[in-house]
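Residue 148 in our numbering sits at position 148 of the sequence shown, with consecutive numbering throughout.
Just so it is clear, CB atoms sit at the ideal spot from N, CA and C, and this is done for glycine as well.
All values reported here derive from a predicted model rather than from experimental measurement.
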Amino acid sequence: MKRLLIVAMSFFIAGCATVPPLLHDVQSTGTFNAKYDRTAGSVKEFFKKEKIPVKEGTDNSGLIETEEIKVPYEGFQYLSDYCDCGAPGGFYVYHAMLGKFNTFIKETDDGKTTMHISAAFKASLWWHATFVGWVACQSKGYIESKLIEHVNAALNKQMK
């Protein structure tokens, strides 16, 4: 009887396990043949176009920081172009997936700028009507690659 109880509890606990997010290969760094002001302007233009609010006064130090945004995803499938949060197990669900971006821009000695984008995503984990906590998610590189492409295109357009 004791053995049966241990087996039953093992299956119950295993049924509540979450599927962890996958690590994705993300291109998050770019180098541009432009001055700091032009690169930073292109970054802010991108965030404005994508309706991602930028925190005020963050670009003077080489950091452009965004406000937290709701990440769009498909129903209870938790599929998003932005990030991978894995899957909650058992009776757990995600109620919200949030993300924010920090873009570090540095001008080099040869007049170029380097840019590094850091993305942080999280999902709120719930069990019935009880908030359990936050789950860290992994970026898929969607926003990072779109931002690098946008800055490249905008700076090339300005050069012509």
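Query: T31 versus A120 - alpha carbon distance; Result: 22 angstroms
Query: Rounded straight-line distance, which links the Cα of A34 to that of F131; Result: 47 angstroms
Query: For D109 and V93, the rounded distance between their alpha carbons; Result: 50 angstroms
Query: Stretch pair the region 83-100 + the region 122-130: three plus CB contacts closer than 8 angstroms; Result: yes
Query: Segments of 3+ residues assigned as beta strand (DSSP E) that fall wholly inside the region 36-96; Result: 63-65
Query: Element boundaries [beta strand (DSSP E), containing H128]; Result: Where H128 is concerned, there is no enclosing beta strand (DSSP E), given that its DSSP letter is neither H nor E.
Query: Rounded C-alpha distance that separates Y82 from I117; Result: 13 angstroms
Query: Counted within 10 angstroms of its Cβ, other Cβ atoms place A154 as buried (16 or more) or exposed; Result: buried
Query: Candidates Q138, A136 and T113, of which the one nearest G62 by Cα; Result: T113
Query: Given Y73 as reference, the closest of M97, V54 and P53 once Cα atoms are compared; Result: M97
Query: Cut-off 8 angstroms between Cβ atoms - residues of its own chain near E68, not counting five sequence neighbours on either side; Result: L98, G99 and K100
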